[in-house]
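Everything on this sheet refers to the single structure shown next.
Numbering (the working numbering), first residue to last: 112 to 594.
See below:
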């Protein structure tokens, strides 16, 4: 069950009977001469842990299967159903992530029957899917179930990935639904008698404007479980686990899109009045992960530094919308992805390939939606959050023109993107014939691949100036030693 804001305009869709997976294979059964087993790619969909699915119309095999791999897509429980945490054995939290673990175990046991190699499994995902992957890298439940990872536009460090007060959020939900109790046992009994429709809709009514300004849109997402409450997926802070090197070391691709923050405009239904309101409450953009005391001198100093860096001596307004897009993209996505990536590189001997997706083609769904739904928004440059996905998958949406894949540059980008991703799934290295060199990133040898109309290896890091700013903030102003 989910309330899907992008493609179904917030309608409640789906069913509690949702735990299905899809397997797509070029393998043809031949008992006499069984073919060589193929690399397996397991896709974890995004959607903020509250919407999305593995359905074929969005994440079909059309483009990837041409490269002779086996593709697995699936659903997992979302929202309250997947991430309610009452910190007890009955509802310990992270059920949606445990669904994902069951898929990975199923793949290990069964994928050979579809021509897939259980010893060559690559997890790849976008947004919440990418965050899920990084959490799997830290969970003992997932050890040995995959061998390579691709994380697109998401990280365990992103402010929307982990809820720090899951029991309080559960109490808020129960109170909103008219239960006057904070007893976890009473809450679970009460919620069992609430309709699935109400459980799907109610969480969005708990989110405040302040939550959204801080990048926290959804109250029921992954959380840190109380140790000893059943089978636990995650019992320690992901920031601490990454910084201490307590994660699976596997070959990795990680990257971002050129204007991740365009999605934020759509999520906020931005207009000049909303942007002015953000300016008046600018202190809310200070990331919670810094653990600063509100109204303290350090908090005020960081607020001023962020505003000065992105807006100079001016104010956030509709006239500085481009700067606001970059600020939101950096806070929600790029800076936390950068930080977690650099901490991983310090602790892992395995290669980490970095990229920026910047091809502005006609298959940019979110940007098209943004400029259609928000009449005040005009002529945004760059590639929004999610808009790389239609170059890996068909993303067939009713009312959205799909014929553009016949355009030469769209077709070329699909071919390049899927070739690099499947090369990596097969060998742990995205390089191959007809592609420019793409070396792993290292602090002493910075490299990333710029994916635009041309592919170009650049000797720096994506958005270097902005990431240097955030490195200074994290290093010199944070009261949280684990970031």
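Note that the Cβ used here is the ideal one computed from N, Cα and C, for glycine as well.
The model shown is predicted, which means the values in this text are computed figures rather than measured ones.
Beta-ladder partner(s) of residue i, from DSSP
i	result
residue 562	468 and 566
residue 135	182
residue 149	227
residue 260	234 and 363
residue 155	236
residue 473	Paired residues: none, contrary to the question.
residue 274	334
residue 463	363
residue 590	None, per the DSSP bridge assignment.
residue 556	553
Sequence-distant residues of the same chain with beta carbon closer than 7 Å to residue i, five excluded per side
i	result
residue 172	135 and 182
residue 146	138 and 226
residue 564	470 and 520
residue 356	458
residue 324	389, 392, 395 and 396
residue 316	287
residue 536	150, 152, 180, 233 and 259
residue 590	401, 402 and 403
Nearest-angstrom Cα separation, counted from residue j out to residue i
i	j	result
residue 499	residue 342	35 Å
residue 620	residue 424	The shown model of the chain, from 112 to 594, leaves out residue 620, and the question about it has no answer.
residue 225	residue 219	12 Å
residue 587	residue 422	21 Å
residue 557	residue 532	21 Å
residue 328	residue 205	18 Å
residue 495	residue 292	42 Å
residue 216	residue 132	12 Å
residue 252	residue 385	43 Å
residue 296	residue 261	39 Å
residue 555	residue 198	43 Å
residue 241	residue 524	21 Å
residue 365	residue 444	12 Å
residue 608	residue 177	Because the chain in this structure spans residues 112 to 594, residue 608 falls outside the shown range and cannot be described.
residue 453	residue 266	12 Å
residue 334	residue 474	34 Å
residue 436	residue 228	42 Å
residue 212	residue 162	19 Å
residue 530	residue 456	24 Å
residue 348	residue 518	46 Å
residue 367	residue 222	30 Å
residue 233	residue 566	23 Å
residue 299	residue 344	20 Å
residue 403	residue 441	19 Å
residue 180	residue 148	9 Å
residue 484	residue 377	8 Å
residue 196	residue 408	35 Å
residue 373	residue 477	8 Å
Cβ neighbours of residue i in the same chain (closer than 6 Å, five flanking residues each side left out)
i	result
residue 382	487
residue 493	369 and 370
residue 534	541 and 543
residue 332	160, 194 and 274
With 16 other Cβ atoms within 10 Å as the buried cut-off, status of residue i
i	result
residue 419	exposed
residue 583	exposed
residue 552	buried
residue 570	exposed
residue 277	buried
residue 113	buried
residue 336	buried
residue 231	buried
residue 237	buried
residue 157	buried
residue 350	buried
residue 263	buried
residue 164	buried
residue 189	buried
beta-carbon residue i near the ligand ZN non-hydrogen atom, thresh 8 Å
i	result
residue 278	This structure does not include the ligand ZN; it has no bound ligands of any sort.
Own chain, CB closer than 8 Å to residue i, minus 5 neighbours either side, in chain order
i	result
residue 214	132, 153, 183, 185 and 187
residue 514	Interpretation of residue 514 is limited by its pLDDT of 48, a score under 50 that renders its predicted location unreliable; the figure taken from the coordinates is listed afterwards. Nothing listed; no residue qualifies.
residue 318	327, 328, 329 and 330
Next on the checklist: Suppose only complete runs of 4+ residues qualify. What are the alpha helix (DSSP H) ranges in the stretch 170-245, listed by chain order?
Outcome noted: Positions of the alpha helix (DSSP H) runs, each at least 4 residues long and wholly inside the stretch 170-245, are given as 190-194 and 206-221 in order along the chain.
Checklist entry - Which runs of the alpha helix (DSSP H) fall wholly inside the stretch 306-335 and span at least 4 residues, in chain order? => result With a minimum length of 4 residues, the continuous alpha helix (DSSP H) runs that stay inside the stretch 306-335 are 307-312 and 320-324.
Checklist entry - Unbroken alpha helix (DSSP H) runs of length 4 or more, entirely within the stretch 490-550: which are they? => result You should have 519-538.
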